[in-house]
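One structure below.
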Ligand SMILES: Nc1ncnc2c1ncn2[C@@H]1O[C@H](COP(=O)(O)OP(=O)(O)OP(=O)(O)O)[C@@H](O)[C@H]1O
Ligand SMILES: [Mg+2]
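Written out as structure tokens, the structure is:
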């Protein structure tokens, strides 16, 4: 039984130090339905200032898996993603309902420390957002805040290597992060997320501002990362979802009788199935580009 | 949405349908050439076959372009993949028809029962084969997922006629070398006509896959 992710509790599975040290993971060999469930969302929904933006999401996210969230603008992909690491707490008007279990613990339970959650469940945003500091300090930021001061240099090198950026920056660690290219900045943000040894990485359209080469580097990285982490990405690029994701979840917008629009999960399945033989005709219409 | 893309898919399907109709013509003309020794039918077979080849090449290019430029998925992807396989089946069926036409030669007219049995069986196979190709291509045009079973049943009949030909030839007691030579040619003709039936079944099976995503196709050889 996993302990709840509190600052004082024992660490849940997937968060022990060896995950960072590159311990090999058997789970990646398993078929999807046998992989450990990292997030178990049940009737999860979100309202902003009383207006429902997302409802009734039943979705499991499995360990060592890349899960892509796709769907039209405004269907609640980012809203859902933010539920997974309690980023919605930072939006005062947001209210989350339903359940989101993280390693069998209620992520929204009273004993859960939201800061600790965000350490375990890192997030990378659409626009690279490095701090106006050195490359080193950017990656060191999280570990320093969290008091992970031992072996900081090693930790930073590991994180940069894992983010496939080390070779490009190892001779200029003390230079400003803003001098990096967009793709390098995005990989730096990924390194920053990795430096605190997360269990899960959430990425909200991580490549939308990047050229094809940087995009390819980040896609390769996602594939590498899943051997040790669990990755959830939001993308508007169908081909990207098809290339990198093991599982794909399609969200869309339901129009209520009163004209209210609300995000819903339409279909989740293996990416292969979603892109060759989706079960739901709305999914088919969306992935084939015929969405009205 | 994606108007240009839909137009390209429509063109692809229309091309396949035209190719299918020509293939059916090639098969029925080849049958007439084979059993009626019609020179006109022989020419018509080869003309139809070469038109099928043109369609075949056009379809190949269309598929290549669609895959490269449109990255089709889901139902669109299945349509493109089905078109690719069906294209191949039709081209092979038309090629078999041409082979059949080339084998046409009158029997030595010994007025044997065997000659009549063989000729009748070949005519039945050829007529049935042409009908099967037409049915299969209608199936594709209507996007009918359920015709594969019917075509398999018809294919059984073709196979049975073919067995009849083989049995007749193998048990023939007449040792006349002219007759034996003719019979050997007809054995091959039967073989190629039998393959036409298989290709028609394949067209229907690929159509089922296109519509449902369920694969019923049994891989068949390259002839
Ligand atoms: N902070 C907020 N305050 C109020 N409403 C919000 C807030 N964030 C999102 N919404 C609303 O919630 C709904 C879902 O938005 P969300 O950003 O999750 O969609 P999305 O699927 O990520 O869209 P996109 O693809 O454009 O990023 C939208 O109607 C949006 O207007
Ligand atoms: Mg979003």
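Residue numbers (the working numbering), protein chains in the order written: chain A, 1 to 292; chain B, 1001 to 1223.
Ideal placement from N, C-alpha and C gives every residue a C-beta, glycine not left out.
On a predicted model such as this, the values are computed, not experimentally measured, just so you know.
How far does the alpha helix (DSSP H) with residue 1023/B in it extend, from its first residue to its last? It spans 1003 to 1036 - the alpha helix (DSSP H) in which residue 1023/B sits, taken as one unbroken run.
Report task. Could you check the C-alpha separation between residue 1194/B and residue 1200/B for me, to the nearest Å? Result -> 10 Å
Strictly below 8 Å CB to CB, what residues from chain A border residue 1078/B?
276 and 277
Run through DSSP, which three-state label would residue 126/A get?
coil
_Between 1009/B, 1068/B, 1031/B and 1014/B, which has its C-alpha nearest residue 1093/B's C-alpha?_
Comparing Cα positions, the closest option is 1031/B.
Margin query: Classify residue 32/A: buried if its beta carbon has 16 or more other beta carbons within 10 angstroms, exposed otherwise.
Written below: Classification for residue 32/A: exposed.
Worksheet item: For residue 262/A, does the three-state DSSP call read helix, strand or coil?
Response: strand
| What does residue 1002/B touch in chain A if you count any residue whose Cβ is under 7 Å from its own? | 289 and 290
*asked:* Give me the subset of the region 225 to 240 of chain A whose CB atoms are less than 9 Å from a CB atom of chain B, sorted by chain position.
replied: 238 and 239
- Query: CB residue 46/A to CB residue 120/A, shorter than 8 Å?
  - Reply: no
- request: With a floor of 4 residues, list each alpha helix (DSSP H) that falls wholly inside the region 221 to 263 of chain A, ordered by position along the chain.
  value: 238 to 244
I'd like to know if residue 1211/B contacts chain A, where contact means its C-beta is closer than 8 Å to some C-beta of that chain.
no
Cβ of residue 1145/B less than 8 Å from any chain A Cβ? no
* Beta-carbon proximity check, residue 217/A vs residue 194/A, cutoff 8 Å -> no
Quick one: Cα of residue 1042/B to Cα of residue 1085/B, how far? 27 Å
Handout entry: Proximal residues to residue 35/A (C-beta, below 7 Å), its chain only, five neighbours per side dropped
Key = 27, 62, 63, 64 and 65
Hey, does residue 1074/B have any beta-carbon neighbour from chain A nearer than 8 Å? Contact with chain A is found for residue 1074/B, since one of that chain's Cβ atoms lies less than 8 Å from the residue's Cβ.
If I follow the unbroken beta strand (DSSP E) through residue 173/A, where does it start and stop?
Where residue 173/A is concerned, there is no enclosing beta strand (DSSP E), given that its DSSP letter is neither H nor E.
Review point. Does residue 197/A get closer than 8 Å to chain B when you measure Cβ to Cβ?
Key: no
- Message: Measuring straight from C-alpha to C-alpha, what distance separates residue 1163/B and residue 1144/B?
- Response: 30 Å
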